[in-house]
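Q: I'd like to ask some things about the structure below.
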């Protein structure tokens, strides 16, 4: 007795390329994207007061850095031992102090904003 494969000419073929899986996949996606009725909504990790505090402290720090750079560059403030910082060009000198002020503002203002923002209840 020899094996003979089934006659494929008489069998109906399903469409290829996953056509039969698309409705099933759509049903699964619809099912898994529906929120559960007992699910608790997620709190906003960055409330608007926190964003306002962070950005305002960055801008305020950058302005303080610019003011400090202008005072240093004009010679109104002359700390001893800081002569090497004046080897920078004028644009680089001011950009350095603006970025330093923005970073200091973000650090100080960000921490104080985090401490001042009330905790959200879940």
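Numbering (our numbering), first residue to last: 2 to 123.
The C-beta atom is built at its ideal place from N, Cα and C for all residues, glycine as well.
Assuming contact is defined by CB atoms lying nearer than 8 Å, are residue 116 and residue 58 in contact in what I supplied?
A: Not in contact: residue 116 and residue 58 (Cβ atoms no closer than 8 Å).
Q: Can you tell me whether residue 81 is helix, strand or coil according to DSSP?
A: DSSP places residue 81 in coil when its eight states are reduced to three.
Q: Need the endpoints of the alpha helix (DSSP H) that residue 41 sits in, please.
A: From DSSP, residue 41 is part of no alpha helix (DSSP H); its letter is neither H nor E.
Q: Could you check whether the stretch 88-95 touches the stretch 29-37, counting it as contact only if at least three pairs of C-beta atoms, one from each stretch, sit closer than 8 Å?
A: As far as the Cβ criterion goes, the stretch 88-95 does not touch the stretch 29-37, which means the pair count is below three.
Q: Could you name the residues of the same chain whose beta carbon sits closer than 6 Å to that of residue 95, not counting the 5 residues immediately before and after it, in chain order?
A: Correct list, in chain order: 70.
Q: Just the Cα atoms here: how many angstroms apart are residue 75 and residue 42?
A: Whole-angstrom Cα-Cα distance: 55 Å.
Q: Spatial neighbours of residue 118 within its chain, please: C-beta separation below 8 Å, excluding the five flanking residues on both sides.
A: The residues are 48, 50, 51 and 54.
Q: Considering residue 66, what are the terminal residues of the alpha helix (DSSP H) in which it resides?
A: Per DSSP, residue 66 belongs to the alpha helix (DSSP H) from 49-75.
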